[in-house]
Amino acid sequence: MISTENKKNKIYIFDTTLRDGEQAPGIHLNTKEKLEIAQQLAKLNVDIIEAGFPISSKSDFNSVKKISGRIKDRRIAALARANLKDIDAAGEALKSAEQPVIHTFISSSDIHLKYQLKKSREEVLELAGEAVKRSLKYTDMVEFSAMDATRSDWEFLCRLFEIVIRSGASVINIPDTVGYAIPNEFGRMIDYIFENTRGIEDAIVSVHCHNDLGLAVANSLMAIEHGVRQVECAVNGIGERAGNASLEELAMIIDTRKRDLGVFTDINIGEIIRTSSIVKSLTGYVVAPNKAIVGKNAFSHEAGIHQDGMLKERSTYEIIKPENIGLKSSKLVLGKHSGRHAFVERLAELGIRLEENDLEKAFERFKDLAEKKGAINDQDIKAIVENELREVWEHFILKYYQVQSGSNIKATSTIGIEIEGKVHEGTSTGDGPVDASFKAIDKITKINAKLVEYKIEAVSGGKDALGSVKIIVSTNGTEVMGSGISTDIVEASIKAYIDAMNRIVESSE
Ligand code: KIV
Ligand code: ZN
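For the sequence shown, position 464 (counting from the first letter as 1) is numbered 464 according to this note's numbering, and the numbering increases by one without interruption.
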């Protein structure tokens, strides 16, 4: 057994939920939502928060800037390709960060060099060295990534890493960009890099694994066993295509098997469930029920023999105590007679901090819901906070709606929406009340959007449960999400659709 006391055995958790995670199709987080996730990541105690890719959009630039100004007790990273414009934008966005990290990258595989970059290996070496030197103008914490490293020539990769280390990079990242690696081969590649790169002993070596073959976590773990000390990952495993290595899985593998692995992270595992649910709610990306650690069935025991074992001794079928990762269900149920004080206390117990304005809005919403629904449980409260307080600038404001539907009549919906102070009304028939409502909204907004995905789920149990609707619409080749909650599922659908329309307008501003 290796001692976990040694600092050398600490695994740095580099969170890329807000950068690679946000690159997943259909995710569009605004600055306020990104800040909310970043604050939760700080509570989760990740070591580095990759806040965005500043050159890629105004909104990414502003988010990095905002997060840098607000979160002072961790490293904030910004992504930049290996060129001056990208690096200067990253440096500028990180200006107020106390511990800024510029994460610069260039491709290293021949296939990328030939078809994408159209550059020679010598040119790539030169650009990479220059990029690191330029980044040092803004911070002494520079991370360099060799994109598509796992399909690159190993010898060339070592030359590239030597140059960037000599130029001043302190973190060397080995991305499995297309999720091609398999664990043993990845381990051998890492050994080769350690053995053949001059100066690597002074750098932190990192990996960034994608999940195209479902091996992102296994490959990251293999890398740790071969001496890597930083892993890049995302909450709920979100990210490009099949996603990134899942943060919660890596954190819990290391925590559960720390005696055998001999390494540790500083992750505050009690915040895992809450972080997962905030990311799920704000991104609209549903977590599969059987997903390890954070899926809703991850701690459910169905088979009689398992239930019997659990009742006799939990450790017979449970390797993680659910309460250790923050899974608790409250016995205290609030209702319409509960006052502000009880509501605020419940929020505090759930680890939710709200600014005064938002608290007022949340309390009003709570009272409305309690009036309709009676008992309000923890999931309802989280849904109110996470859905109702999402602050999208509202170009379209729902004022009223009326729907008629039944087995013998064509569904008809009439909707009133306020735009710049004036209420516009639209009426449409459709294939059911939701379809009719969406068509009525289209008549008012005049946005040409196609519904790509529609999901509805009950926030909690019972016939009067809150319905949560999440949709993805596509407009001009871009996917945008929307969400809405209500005890009435047609209203939740209308709210989700209007939310998506507002996001389309917001992102085009
Ligand atoms: O997957 C990848 O290669 C990346 C890099 C920018 C690190 O996301
Ligand atoms: Zn990536």
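Idealized CB from N, CA, C, for every residue including glycine.
Cβ-based neighbour list, residue i, same chain, cut-off 6 Å, excluding 5 preceding and 5 following
i	result
GLY430	ALA411, ALA436 and LYS439
ALA242	ASN211 and ASP212
TYR192	TRP154
GLY26	ILE472, GLU479 and MET481
GLU498	Checking the displayed sequence, the identity of residue 498 turns out to be Ile instead of Glu. Counting only Cβ-Cβ distances below 6 Å, and skipping sequence neighbours, we find PHE396 and LEU398.
VAL333	ALA375 and ASN377
Alpha carbon of residue i to alpha carbon of residue j, nearest angstrom
i	j	result
ILE11	ARG229	5 Å
PRO289	LYS455	14 Å
TYR285	VAL279	8 Å
ILE71	ILE376	33 Å
GLU198	GLU162	The question names Glu, yet the displayed sequence has Arg at residue 198. Distance between the alpha carbons of ARG198 and GLU162: 6 Å.
ARG259	THR475	51 Å
LYS118	HIS112	8 Å
VAL480	LEU350	30 Å
ILE516	LEU282	Residue 516 is absent from the model: the chain starts at 1 and stops at 509.
GLU323	ILE269	10 Å
GLN39	GLU345	20 Å
SER3	ARG257	Since pLDDT at SER3 reaches only 43, below the 50 mark, its modelled position is unreliable, and the value read off the structure follows with that caveat. So the alpha carbons of these two residues sit roughly 13 Å apart.
LYS399	GLY484	15 Å
ILE409	GLU386	37 Å
LYS321	GLN99	35 Å
GLU5	ILE253	At GLU5, the pLDDT of 48 sits below 50, so the modelled position is not reliable; the number obtained from the coordinates is stated separately. Roughly 18 Å between the two C-alpha positions.
ILE174	ARG159	14 Å
SER277	GLU123	44 Å
ILE489	VAL469	8 Å
ILE293	LEU247	10 Å
ASP442	VAL178	38 Å
GLU201	GLU195	10 Å
PHE156	ALA131	18 Å
ARG274	GLU491	27 Å
LEU451	LYS382	27 Å
GLU164	THR16	First, the amino acid is wrong: residue 164 is Val here, not Glu. Cα-Cα distance, rounded: 22 Å.
LYS85	GLY339	53 Å
HIS337	SER508	43 Å
LEU359	ILE37	18 Å
THR45	GLY227	As written in the sequence, residue 45 is Asn, which differs from the Thr given in the question. Those two C-alpha atoms are separated by around 22 Å.
GLU453	LYS291	21 Å
ASN357	VAL64	24 Å
Whether residue i touches residue j by CB criterion (7 Å)
i	j	result
VAL473	ALA496	no
GLU271	GLY237	no
GLN23	GLU249	no
SER413	VAL403	yes
PHE53	ASP60	yes
MET147	PHE186	no
SER96	GLY69	yes
VAL205	ILE172	yes
THR265	ALA245	no
ALA362	ILE397	no
ASN502	GLU394	yes
ALA203	SER170	yes
GLY406	ALA234	no
GLN379	VAL459	yes
ILE524	ILE267	Here the chain covers residues 1 to 509 and nothing more, so residue 524 does not appear.
SER167	LYS133	yes
CB-CB length for residue i against residue j, believed under 8 Å
i	j	result
ASP176	CYS209	5 Å
GLU232	VAL207	7 Å
GLU418	ASN30	At roughly 21 Å, the Cβ-Cβ gap does not stay under 8 Å, so GLU418 and ASN30 are not in contact.
LEU18	ALA51	5 Å
ALA82	LEU127	5 Å
SER107	GLN116	6 Å
GLY432	ILE444	Between ILE444 and GLY432 the Cβ distance is about 19 Å, and since that is not below 8 Å, they are no contact.
8 Å CB neighbourhood of residue i in its chain, flanking five on each side removed
i	result
THR487	LEU369, LYS372, LYS373, ASP464, ALA465, LEU466 and GLY467
MET310	HIS301, THR316, TYR317 and GLU318
ILE102	ALA77, ALA78, ALA80, ILE87, ALA90, GLY91, LEU94, SER135, TYR138, THR139, MET141, VAL142 and GLU143
ARG314	LYS321
Check: residue i C-beta below 6 Å from any heavy atom of ligand 3
i	result
ASP20	Ligand 3 is not among the ligands present in this structure, which contains only ligand 1 and ligand 2.
Own chain partners of residue i with C-beta closer than 7 Å, once the 5 adjacent residues on each side are dropped
i	result
ARG188	none
LYS66	THR31 and LEU35
PRO183	LEU215, ALA218, ASN219 and MET222
ASP73	ALA42
GLY295	VAL287, ALA288 and PRO289
SER152	SER108, SER109 and ALA146
ASN62	THR31
VAL434	VAL490 and SER493
ILE504	ILE447, ALA449, THR475 and VAL480
For this session: Entirely within the region 221-285 and at least 4 residues each: give me those alpha helix (DSSP H) ranges in chain order.
Result: 247-256, 258-261 and 272-283
Exercise. Counting only runs that start and end within the region 383-453, where is the beta strand (DSSP E) found for 3 or more residues in a row?
Worked result: Complete beta strand (DSSP E) runs here, min 3: 396-404, 411-419 and 422-430.
Problem set entry | Length at least 3, wholly inside the region 10-82: the beta strand (DSSP E) runs in chain order | 12-15, 48-52 and 75-81
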